[in-house]
Amino acid sequence: MTAELYEFEFLTPCFCGGADPARAELRAPSIRGRLRWWFRALGGSREDEEKVFGSVGGGRTSPGASSLAVRVVKPPEGGDSEWTRLLGRPKAGYVWYFLRSSSPDRWTALGALHPGSRAMVEILFRRSLNGDLQKRWEQTWEAFCRFGAIGYRASRCAGAFRVQGLAGEQKDYESAVEKILKPAGFEVRYFWGEKRNSWLGIVELAEEELKKLRREFPAREPSPLGQAGHKQKKEPRQASAVYFRPLKLAEKKVAKEYYSLLLFEAPHLRVVGEESRLKNVKNGTSILKRMYPH
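Heads up, the sequence shown is in our numbering, so the first residue is 62 and it goes up one at a time.
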């Protein structure tokens, strides 16, 4: 059993709480949960998923132990503790509106992991995986590290991070998209021409793009862009298949870094309910295909 250590750098505020919602905490179950989502979204079978992540059992099946162990070795430290001051401006309130209005306890310096904070995470396998399953795990891990996010509003820029050794330049992300996401049925759109000097600039860009999409796919109607839900009407909330992912990229020619934006849409059959899937759409069954035609 060989443990691998990885440094996580959070790019945007991460609203991942524990027992106390007013105090953000990076927890191993949160990381495992998102890894499991990526394994499934990339096409992993239920049987293979249980081999990696374990199962609780039920019916005629017995509980299965997880091969994967995740441990937060060093909690996030540093970063910009005054991130709420930056978001006091008129902009950047749209993408996190529901979080801000319904969870004021999280809208404090301690309510989110700070942008720029760094943590150490340990990944350990108790049992080795076979060849095909090992390859699927490696793709899951790279997709999570490059395109994943943690916590509330993870599909809307919050909780974005980069992992040491799996960051890099624009071409590295394009390579991962071609190698991992597109073969699994993901749609991806780049905003390489929109470079920003800060994470807030990218959140503001994402906000404007989300407004455009919401004019076509309102939050109160079922769609792969997500549905807000309605308690009185007993309408469940539907998570979004479309993710707005801030990136922090290296630009080696001038030895500096900048922020950019990537949008991806996961295959609907794997991540959204039947009612929210697009049907009979002229430009294909994808929001990104329809709204951002090549």
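Even glycine gets a Cβ: it sits at the ideal position worked out from N, Cα and C.
Because the structure is a prediction, the values reported are computed rather than measured.
Buried versus exposed call for residue i [16 or more other C-beta atoms within 10 Å across all chains shown]
i, result
"GLY139", "exposed"
"SER259", "exposed"
"ALA204", "buried"
"GLN195", "exposed"
"SER106", "exposed"
"HIS355", "exposed"
"PRO285", "buried"
"SER189", "exposed"
"GLU111", "buried"
"PRO279", "exposed"
"ALA64", "exposed"
"GLY209", "buried"
CB of residue i within 8 Å of CB of residue j, strictly
i, j, result
"ALA221", "PRO307", "yes"
"ALA180", "VAL133", "yes"
"VAL303", "SER216", "yes"
"SER321", "PHE252", "yes"
"LYS313", "GLU230", "yes"
Own chain, CB closer than 8 Å to residue i, minus 5 neighbours either side, in chain order
i, result
"TRP144", "PRO74, ALA170, ALA173, HIS175, PRO176"
"THR122", "At THR122 the pLDDT is 45, less than 50, meaning the model places this residue with poor confidence and gives no usable figure here."
Own chain, CB closer than 7 Å to residue i, minus 5 neighbours either side, in chain order
i, result
"GLN200", "LEU103, ILE241"
"ARG250", "LEU324, LEU349, TYR353"
"SER178", "PHE71, PRO137, GLU138, GLY139, GLY140"
"VAL319", "Here residue 319 turns out to be Tyr, not Val, going by the sequence shown. So the list reads LYS256, ARG257, ASN258, LEU310, GLU312, once near-sequence residues are dropped."
Span of the beta strand (DSSP E) around residue i
i, result
"PHE325", "317-326"
"ILE211", "From DSSP, ILE211 is part of no beta strand (DSSP E); its letter is neither H nor E."
"GLU312", "303-312"
"VAL249", "248-251"
"ARG223", "222-224"
N- and C-terminal bounds of the alpha helix (DSSP H) containing residue i
i, result
"ARG351", "348-352"
"LEU227", "Per DSSP, LEU227 belongs to no alpha helix (DSSP H) and is neither H nor E."
"ARG331", "329-332"
"LYS273", "260-277"
Same chain, Cβ closer than 6 Å to residue i, neighbours up to 5 away in sequence not counted
i, result
"GLN225", "GLU68"
"ARG97", "PHE114"
DSSP bridge partner residues for residue i (one or two, in chain order)
i, result
"ILE184", "GLU65, VAL131"
"SER116", "GLY125"
"GLU138", "ARG179"
"PHE205", "PHE205 pairs with nothing; no bridge assigned."
Residue i: CB within 7 Å of a non-hydrogen atom of the ligand NAP
i, result
"PHE76", "This structure does not include the ligand NAP; it has no bound ligands of any sort."
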